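Here the structure comes first, spelled out in structure tokens, and everything after it is commentary.
Residue numbers (UniProt numbering): 1 to 170.
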């Protein structure tokens, strides 16, 4: 029993010495005067850096419109990903997030499920040892009834797929 406890302690110490957990996300608030609609998005993100190049993480999103006439009322999404960082210097890191996302969107009394499968390029600017500003722009892949974006396949490098956020590394 002592050997198991010591082994668990050694493994946990080794993981925490190299562990690089991060948390962050995106927040959006928008009011459209013409439609008299207010919408918001909350999308926390959590992940773990295995090495300088590889990480895994996930985003959990919730979006809401005050009026259903402009689109959906509520939307939920969950998108796990694998991140590959292909360039890094002391300040800038370029990466690709490859993953699959699932969503549920509520329109009135109806709800619709959707998914996306693809790659999102990104950029992280390191402010200090713990904080980074993160931007993701573009999407290459397939979407079917996904909460954010249009149906189909291909690539998009436009403002529809642009997001800004932050990361805090533990």
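Cβ coordinates follow ideal geometry from the N, Cα and C atoms, glycine included.
Values in this document were obtained by computation on a predicted structure and should not be read as measured data.
Per-residue DSSP class, three states only, for residue i
i	result
residue 144	strand
Proximity to residue i [Cα-Cα], best of the options
i	options	result
residue 105	154, 87 and 74	74
residue 33	67, 153 and 55	67
residue 108	72, 117 and 90	72
residue 91	30, 131 and 150	131
residue 151	143, 158 and 119	143
residue 65	30, 162 and 47	30
residue 96	102, 118, 39 and 168	118
Element boundaries [beta strand (DSSP E), containing residue i]
i	result
residue 165	162-169
Alpha-carbon spacing of residue i relative to residue j, whole angstroms
i	j	result
residue 164	residue 23	14 Å
residue 128	residue 113	40 Å
residue 153	residue 123	23 Å
residue 196	residue 56	The structure shown does not extend to residue 196, since the chain is modelled only from 1 to 170, so the question has no answer here.
residue 98	residue 148	16 Å
residue 166	residue 44	10 Å
residue 116	residue 59	13 Å
residue 133	residue 87	16 Å
residue 140	residue 156	7 Å
residue 125	residue 93	7 Å
residue 54	residue 80	14 Å
residue 84	residue 37	38 Å
residue 82	residue 110	32 Å
residue 120	residue 161	9 Å
residue 46	residue 21	8 Å
residue 135	residue 168	14 Å
residue 28	residue 51	31 Å
Which runs of the beta strand (DSSP E), 3 residues or longer, sit entirely within the UniProt domain "Outer membrane protein beta-barrel" (6-156)?
-> If one requires a minimum length of 3 residues, the beta strand (DSSP E) runs lying completely within the UniProt domain "Outer membrane protein beta-barrel" (6-156) are 20-32, 37-49, 54-65, 74-88, 92-107, 110-126, 131-137, 139-144 and 152-156, in chain order.
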